[in-house]
Amino acid sequence: MTTVQSDMSENDTGENGAGEGDAGLDRESQIACSSAACSSAACSSTDAAPGLGAPVPIPVLAPYLGLVAAVLCAFGGGWLLLAPYAFDFRHGAARVPRAMAVDLETGAAIVAVAITAAALFSVTLVRRLRVSSTVQSEPVAASVDVPESAAAPAPEQSPGPEVPPQPDPGAALRDLLTPLVAALAADLRSRDLDGRDLGIPGREHEPRRQEP
Amino acid sequence: MAAARPSLPAQRSSTVEPSHTELPCAPLPPAVTRPKAPVAALVGLLLVALLGGWLIAAPFALGDQVRGAAWTAATRTDVATGGAVAGLAVLGLLGYLAAALAWLSRHGR
Chain A
106 MTTVQSDMSE NDTGENGAGE GDAGLDRESQ IACSSAACSS AACSSTDAAP
156 GLGAPVPIPV LAPYLGLVAA VLCAFGGGWL LLAPYAFDFR HGAARVPRAM
206 AVDLETGAAI VAVAITAAAL FSVTLVRRLR VSSTVQSEPV AASVDVPESA
256 AAPAPEQSPG PEVPPQPDPG AALRDLLTPL VAALAADLRS RDLDGRDLGI
306 PGREHEPRRQ EP
Chain B
235 MAAARPSLPA QRSSTVEPSH TELPCAPLPP AVTRPKAPVA ALVGLLLVAL
285 LGGWLIAAPF ALGDQVRGAA WTAATRTDVA TGGAVAGLAV LGLLGYLAAA
335 LAWLSRHGR
């Protein structure tokens, strides 16, 4: 059993180090779990090495490429708006030549469409980056060690989607210490009373020896 | 004189190898939610590519460039800029497609 767990942890380390090379491992683990051997009692999530079910990275390269291409196309359209004036297509004519009009109209259309596409690509990219940052922050929060005393009441809580309100740690500590302090005070009080009953001055606080 | 060879232990290790049914199963990977493709943005990029193609063909289609004559400055600008814009848009579309297919081949099911 120890050998198996060490092998799995090595796979886990290699997977995290490789970054995105976890597809084959996930598929193999899925195939292994879907087999008939999975009906045994040993198949539980606590026995497996952590990280094998690592979240799949959100694809951000594709919208990034689209955003870059759209921005460059917008620059091309801007150049089309400037080129008729830069190269003086008009040549002092009274009317605007058709080539200049075509360039201006097409350039304006390219700029408008490219800026819209770039905005849509950027919105998609921001959404995916937010999702990926959320997915990456969840395992960190889940890997924090929780003491058993704090983790014990967890199964009693209802598994609802809403997060239960966290109890005040000061109140919990006060509730824990109040009966202890009361018991200590009662014990000291009883010892004082016992010392006075025996009539021994200065020995009120010593504990009584039990008679054999 | 053949000395008695020491007998090998029956089992080299005291640990018993687990059987196939006792092996712990790895947890299932989380369900892959395939993100939505920005269809409108991709359509916009396709429109830009078509506009670039139109820009290449416009001087010849509208008759501003006489067939066989030297290209004017407007024709050179239109063809060069149209080619650049159309090429960039097509490259963006192909890059998006390649990146999406690579992600699907790696993580998609």
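For the protein sequence lines, the chains are A and B, in the order given. Numbers given in our numbering equal positions in the first sequence, counted from 1, plus 105. Numbers given in our numbering equal positions in the second sequence, counted from 1, plus 234. All C-beta atoms in this analysis are idealised placements derived from N, C-alpha and C, irrespective of residue type, glycine included. This structure is a prediction, so every number in the text was calculated from the model and none was measured.
- Around the C-beta of Pro164 of chain A, 16 or more other C-beta atoms lie within 10 Å, and the residue is accordingly described as buried.
- Taking C-beta atoms under 8 Å as the contact rule, Leu230 of chain A and Leu172 of chain A qualify, at a distance of about 6 Å.
- A distance below 8 Å separates the beta carbons of Ala333 of chain B and Leu170 of chain A.
- Nearest to Phe294 of chain B by alpha-carbon distance, out of B:Thr267, B:Trp305, B:Leu284, is B:Trp305.
- Annotation: the segment 163–228 of chain A contains the following complete segments of the alpha helix (DSSP H) (minimum length 4 residues), in chain order: 166–191.
- For Thr315 of chain B, the enclosing alpha helix (DSSP H) begins and ends at 307–341.
- Listed in chain order, the non-local C-beta contacts of Leu278 of chain A below 6 Å within the same chain number zero, local neighbours out to five positions each way being set aside.
- Three or more Cβ pairs drawn from the segment 267–282 of chain B and the segment 314–331 of chain B lie within less than 8 Å of each other, which places the two stretches in contact.
- For Val319 of chain B, the closest Cβ of chain A is nearer than 8 Å.
- In its chain, beyond the 5 residues on either side, Leu186, Pro189 have a beta carbon closer than 7 Å to the beta carbon of Leu209 of chain A.
- According to the DSSP assignment, Val277 of chain B belongs to the alpha helix (DSSP H) that extends over 273–295.
- Residues of chain B with a Cβ closer than 8 Å to the Cβ of Val201 of chain A do not exist; the shortest Cβ-Cβ separation is about 12 Å.
- Of the other Cβ atoms in all chains shown, 16 or more fall within 10 Å of the Cβ of Pro168 of chain A; this residue is therefore buried.
- In this structure, A:Met205 is the residue among A:Ala199, A:Met205, A:Ala198, A:Phe180 with its C-alpha nearest to the C-alpha of Ala191 of chain A.
- Chain-ordered, the chain A residues with CB closer than 8 Å to the CB of Trp337 of chain B read Pro164, Leu166, Ala167.
- At least one C-beta of chain B is nearer than 8 Å to the C-beta of Ala188 of chain A.
- Residues of chain A whose Cβ lies closer than 7 Å to the Cβ of Trp288 of chain B are, in chain order, Thr211.
- Thr239 of chain A is outside the set of residues whose beta carbon lies under 8 Å from a beta carbon in chain B.
- Nearest CB-CB separation between Ala323 of chain B and chain A: below the 8 Å threshold.
- Closer than 8 Å to the CB of Thr283 of chain A there is not a single CB belonging to chain B.
- In this structure, Ala222 of chain A and Ala275 of chain B form a Cβ contact; the two beta carbons are roughly 5 Å apart against a cut-off of 8 Å.
- Look at Arg233 of chain A: its C-beta is under 8 Å from a C-beta on chain B.
- Residue-level contact by beta carbon fails for Gly302 of chain B and chain A, as no gap is shorter than 8 Å.
- Gly183 of chain A is a Cβ neighbour of Val216 of chain A, given a cutoff of 8 Å.
- Ala179 of chain A and Ala214 of chain A have their C-alpha atoms some 10 Å from each other.
- At a cut-off of 8 Å between beta carbons, Val313 of chain B makes no contact with chain A.
- Shown here, Val231 of chain A sits in a helix according to DSSP, grouped into three states.
- Residue environment analysis places Leu322 of chain B among the buried positions, since at least 16 neighbouring C-beta atoms fall within 10 angstroms of its C-beta.
- By the neighbour-count definition (other C-beta atoms within 10 Å, threshold 16), His341 of chain B is a buried residue.
- As the crow flies, the alpha-carbon of Leu282 of chain A is around 41 Å from that of Ser238 of chain A.
- Residue burial annotation: Thr211 of chain A is buried, with at least 16 other C-beta atoms found within 10 angstroms of its C-beta.
- In terms of beta-carbon proximity, Gly181 of chain A lines the interface with chain B, with at least one pair separated by less than 8 Å.
- Any Cβ of chain B closer than 8 Å to the Cβ of Val161 of chain A would place that residue at the interface, and such an atom is present.
- With fewer than 16 other Cβ atoms from the protein chains shown falling within 10 Å of its own Cβ, Pro274 of chain A counts as exposed.
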